[in-house]
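Worksheet: one structure, shown below.
Residue numbers (the UniProt record's numbering): 1 to 334.
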């Protein structure tokens with residue numbers, strides 16, 4: 001039985017989550033039907049809608065990869081950003097996704113409202129503010145939109161996703177880095193691309209191309225605006241962003257991709273990238289994680305110490321709940 005989402009998502013514990021949705025029908029995102037029609041363009045639908053929704057929700061895209069019959073995304077929830085939005089901005093954002101209701105529509109038009117109606121508008125805004133920080137609402141809206149578009153194109157009805165999406169909470173910097181690299185390297189592992197920077201429908205391709213064009217690629221203003229910024233290595237008074245230099249991450253993903261290519265079995269380049277040395281992760285453990293992240297880890301991913309410290313955020317009675325996967329976390333991330 002799937003776990004309740006509240007046991008998989010706790011913004012008190014971490015703002016970072018790895019989400020995966022898989023298709024029911026293989027022809028949904030790729031391949032050809034009996035009439036020879038290509039469905040490859042549907043991967044573009046996913047990519048475009050992911051980036052579009054991130055501009056509306058208080059949810060940032062740290063990494064993504066749209067594959068042949070599933071997609072991965074690493075999300076960062078910006079609770080503080082949503083809390084700072086005034087009522088009008090919350091309603092305007094929600095109306096970019098849904099119609100809202102008569103009260104909120106009148107509010108945006110500047111029509112006079114009674115005190116009771118104003119209270120209702122504020123109530124709706126508070127509810128929508130919470131939804132705009134919800135991973136469940138983010139994924140739900142995305143998957144429903146794609147399913148409707150595909151149904152319309154196929155002139156049929158039916159399910160397109162294998163139940164609900166899968167999620168993993170990323171509790172520390174090591175887990176985040178390994179998961180992002182795992183996501184960005186999906187096409188390389190699958191043999192769909194030879195290098196990360198040539199992998200279609202991935203965040204690493206966008207980041208690499210932008211970095212090549214930038215005079216200062218690590219500067220936030222010169223990074224891909226639709227994606228969550230890299231803020232540099234951890235330090236005091238650090239701005240919000242992924243705790244690593246963008247150039248170090250690109251080098252790390254490139255190095256990892258070269259190690260896992262099929263034409264180099266068992267070979268490990270001994271000149272380790274700076275990011276891997278700073279993270280303090282064994283190179284063999286890193287390669288295991290970046291090839292088998294989903295199968296190695298359960299719903300909570302981080303060092304054993306971090307896992308134990310954050311367990312109470314996910315379960316009311318953490319003492320009675322078995323810490324699934326703590327052995328693997330102890331081995332690979334400690």
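By construction, the Cβ of each residue, glycine as well, lies at the ideal position given by its N, Cα and C atoms. It should be emphasised that the depicted structure is a prediction, and the values quoted were computed from it without experimental measurement.
Counting only runs of 3 or more residues that sit fully inside the region 123 to 171, the beta strand (DSSP E) segments are 166 to 170, in chain order.
With distances taken between CA atoms, residue 329 lies nearest to 294 out of 315, 312, 314, 294.
A residue is called buried when at least 16 other Cβ atoms come within 10 angstroms of its Cβ; residue 157 does not meet this threshold and is exposed. C-alpha of residue 63 to C-alpha of residue 284: approximately 23 angstroms in a straight line.
Inter-residue distance for residue 222 and residue 246 is about 11 angstroms (C-alpha atoms, whole angstroms). According to the DSSP secondary-structure assignment, residue 65 is paired through a beta bridge with 72, 202.
In the three-state reduction of the DSSP assignment, residue 285 falls in the helix class. Here the C-alpha atom of residue 67 lies approximately 24 angstroms from the C-alpha atom of residue 57. DSSP places residue 38 in the strand class (E or B) of the three-state scheme. Per DSSP, the unbroken alpha helix (DSSP H) holding residue 93 starts and ends at 87 to 95. Three or more beta-carbon pairs separated by less than 8 angstroms link the region 38 to 45 to the region 145 to 160, which places the two stretches in contact. A distance below 8 angstroms between beta-carbons, with the five flanking residues on each side excluded, links residue 101 to the following residues of its chain, in chain order: 124. Its chain contains 100, 104, 107, 108, 121, 124, 125, 128 as the residues whose beta carbon lies nearer than 8 angstroms to that of residue 91, once the 5 sequence neighbours on both sides are disregarded; these appear in chain order.
Exclusion of the five residues before and after residue 186 leaves 65, 67, 72 as the residues of its chain whose Cβ lies within less than 7 angstroms of its Cβ. Per DSSP, the unbroken alpha helix (DSSP H) holding residue 312 starts and ends at 304 to 314. For residue 49, the closest C-alpha among the options 139, 39, 244 is that of 139. In the structure shown, residue 77 falls within a strand segment according to DSSP collapsed to helix, strand and coil. Excluding its 5 nearest sequence neighbours in each direction, residue 274 has C-beta neighbours in its own chain below 7 angstroms: 248, listed in chain order.
Ranked by how close their Cα comes to the Cα of residue 234, the residues 195, 207, 279 have 279 in first place.
Taken through DSSP and simplified to helix, strand or coil, residue 8 comes out as coil.
The secondary-structure analysis by DSSP pairs residue 230 across a beta bridge with 242.
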